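Just so you know, we're using our numbering here: the sequence shown kicks off at 7 and counts up by one. Where is the CB? At the ideal position from N, CA and C, for every residue including glycine. Quick caveat: nothing in here was measured; it's all calculated off a predicted structure. Okay, structure first, notes after.
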Amino acid sequence: MNKWQAKRSKDIFEITICTQIAGLLLFLLSIPILIPLYGYSVFLKDHYIYQGLPYYAQLALVLFLLLTIAYLIQKINNKEGKEIRYIQTLIVCILFLFILPLTLKLPPLTPLLLTPVIIAATTWGKRVGILVGSLAGLALLASNFIPFLRHFAAQTFQLDLVNAGVIVLLSWFIGGLSDIEAETRNTLAHLADTDGLTGLYNHRCFQERLRDLLEEAEKNNTPLSLLLLDLDHFKFYNDTQGHQKGDRALAELGELLSRLVPAPYFAARYGGEEFVVVLPGATRQEAQSFGEYLAEKIASHSFEGAHNLPQGRLTASFGLACYPEDGSSAQELVEAADHALYQAKYSRRLHFYFSVVDRFRALSRSERELFNSLKILLALINVRDRYTYGHSERVGDYAAALAQKLGLPPAEVELLRCGAYLHDIGKVEVPFTVLNKPGRLDNGEWEVIKKHPEWGESLIKPLSSFSSLLPLIRHHHENYDGTGYPDGLKGEEIPLFARILRIADSYDAMTTERPYKKARTPLEACRVLQEEAGKAFDPYLVRLFTEVILEREAAGRAKAAP
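In structure tokens, the structure reads:
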């Protein structure tokens, strides 16, 4: 419960308890009237002597006082439960039984009947409040027709009819307000704690509950485990299926987790396509087994459009952290789980791509399916290379812009863009430690990297639809002066698409932040391209590409100007 929820609950509690206490005090003030009313007298000699309340009445009043004291203690301590409900029920019944005869003998005290009605309405809501109010009103009206209680008088009956109507109306009004407040409070609490898309706890509620559970684990010396879950290739699921289907997939996953995660465990949405499962009392081994169970259930669930993903299904990777081994605070545990998730998600080899190739052979040649095929192949690269995520898309954009500047037909421009998406596909064979090394590569590592154009060509060869892109994939690292790889082609021996891609690829690499170097500005990158023209790059294409970048920069400044 956050601060505003706690304040709202406190304010409502104060109003309710003060109203109920006021009603009880009014009844206590009427006890001096009750005693002679319920008491009995005996005639001795020439006068009556008052003997006090009968024993049953005395016991009832003592019971009422004890119940009232217990009730007030429970309410002041803000405790709820079955016990206090029983106490409230007995108090309402005793009040009703004492006050009703009192009002019949002393009509001016009829408003006291509102005391049990108010307590019932503020405690149980409109239905019970109306029930108690209706019983009080009916008893009040019925007393007019019972001879030994009172003599029937039309004026008295009319007054009782008005009083009964007021009692029922107030019971409906007070009970209705109580129901509305309870419903509003519950709704706001639900909205504050729940993720609107998945129905799971949101990030804020997860952090608060995790801190509370960690305090309990420390106090009781018990373990606690944390699973951080991330959907694999979800960006490409959104790209190929659309964000609405992506949202539906997240909602389905939330429903799946709510069914699979039993109490006292709980699941929450951490952010985006990341979810978290908190396992209080679970050891590392138990949490590992539970994570594998969840991964299997998610992979076997039928998400719409998941067949277009690399493995033909929507899968999840998990990172596990345990208290106290991996951290003693919420922040430390989440950081440890995030690190474990990264290792699980990116360090494994992608051994499934040959099955993807086999699947492509059976595809029809529709434009939609070819587009999905490109996205799947691109996922193989971006999931492996943490620091060049999105690189292929940006290179495709730059290459297409240069091809348009060169005056190539639209069909060839789009073909070049597709080639740019696939140009680094051979990196699936490069070891993860080499691909993401935060520094310069040694000679052996560099020789491995230089193999990726050939590996990419081998991977794409079985796809006849992409045969025209093979020269681009193989030769996009050839230098204009013949010093490139893998074949040492020079000048116009290098295919045009490969020469274009060589420039776009280098420009994006220079303008992208890496852990071992700062990104260059667009103008700085263009100066490097011009310095290397005739060596690494086609001089004519460098000139055209520089014009493209300068035009984009000028358009950007014009748009930003007030």
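Using a 10 Å radius around the Cβ and a threshold of 16 neighbouring Cβ atoms, would you call residue 128 buried or exposed? So residue 128 counts as buried.
Please list the segments of the beta strand (DSSP E) lying wholly inside the segment 464-517, counting only runs of 3 or more residues, in order along the chain. As far as the segment 464-517 is concerned, it has no whole beta strand (DSSP E) run of at least 3 residues.
Return the bridge partner residues of residue 308 from the DSSP annotation. The partner list for residue 308 (beta bridge, DSSP) is empty, contrary to what the question assumes.
First through last residue of the alpha helix (DSSP H) which encompasses residue 277: No alpha helix (DSSP H) holds residue 277; the beta strand (DSSP E) holding it covers 272-277.
Roughly how many whole angstroms lie between the Cα atoms of residue 255 and residue 409? Computed Cα separation, rounded: 38 Å.
Going straight from the alpha carbon of residue 413 to that of residue 532, what length do you get? Distance between residue 413 and residue 532, taken at the CA atoms: about 21 Å.
How close, in whole Å, do the beta carbons of residue 482 and residue 446 come, if the pair is a contact with beta carbons under 8 Å? No, residue 482 and residue 446 are not in contact; Cβ-Cβ is about 22 Å, not under 8 Å.
Out of curiosity, what's the CA-to-CA distance linking residue 441 and residue 222? Roughly 43 Å separates the two Cα atoms.
May I have the straight-line CA-CA distance separating residue 124 from residue 206, to the nearest angstrom? Residue 124 and residue 206: Cα-Cα distance of roughly 37 Å.
Counting along the chain, where does the alpha helix (DSSP H) carrying residue 236 start and finish? Per DSSP, residue 236 belongs to no alpha helix (DSSP H); it is in the beta strand (DSSP E), 230-237.
Let me confirm a value: residue 425 is counted as buried when at least 16 other C-beta atoms fall within 10 Å, else exposed. Which label applies? With 16 or more other Cβ atoms from the protein chains shown falling within 10 Å of its own Cβ, residue 425 counts as buried.
Quick check: the Cα distance between residue 234 and residue 347, rounded to an integer number of angstroms? In a straight line, the C-alpha of residue 234 is about 7 Å away from that of residue 347.
Coarse secondary structure for residue 267, derived from DSSP in three states: Three-state DSSP puts residue 267 in coil, outside helix and strand.
Please report how far the alpha carbon of residue 518 lies from the alpha carbon of residue 486, in whole angstroms. Taking C-alpha positions only, residue 518 is separated from residue 486 by approximately 23 Å.
What does the Cβ neighbour count give for residue 179, buried or exposed, with the cut at 16 atoms within 10 Å? Under this definition residue 179 is an exposed residue.
Is it the case that the Cβ atoms of residue 326 and residue 294 are separated by a distance below 8 Å? Here residue 326 is near residue 294, since their CB atoms are less than 8 Å apart.
So what's residue 285 in DSSP terms, helix, strand or just coil? In the structure shown, residue 285 sits in a strand (DSSP, three-state: E or B).
How big is the Cα-Cα spacing for residue 228 and residue 182? Each residue's Cα considered, the two are about 45 Å apart.
Could you compute how far the alpha carbon of residue 214 sits from the alpha carbon of residue 525? Going from the Cα of residue 214 to the Cα of residue 525 covers about 39 Å.
Taking 7 Å as the cut-off, is the beta-carbon of residue 425 closer than that to any non-hydrogen atom of the ligand MG? What this structure holds is no ligand at all, so the ligand MG is not there to describe.
Nearest neighbour of residue 466, chosen from 239, 343 and 430 [CA to CA]: Measuring from the Cα of residue 466, the nearest candidate turns out to be 430.
Cutoff 7 Å; reference residue 174; Cβ partners in own chain excluding five residues on either side: Excluding sequence neighbours, residue 174 sits near 136, 139, 140 and 143.
Exposed or buried, residue 279, counting other C-beta atoms within 10 Å across all chains shown (16 or more means buried)? Residue 279 comes out buried.
Sequence-distant residues of the same chain with beta carbon closer than 8 Å to residue 476, five excluded per side: Taken in chain order, the residues that qualify are 463, 466 and 467.
Can you tell me whether DSSP reads residue 323 as helix, strand or coil? Looking at residue 323 - three-state DSSP - the assignment turns out to be strand.
Within 8 Å, strictly: CB atoms of residue 237 and residue 322: Yes.
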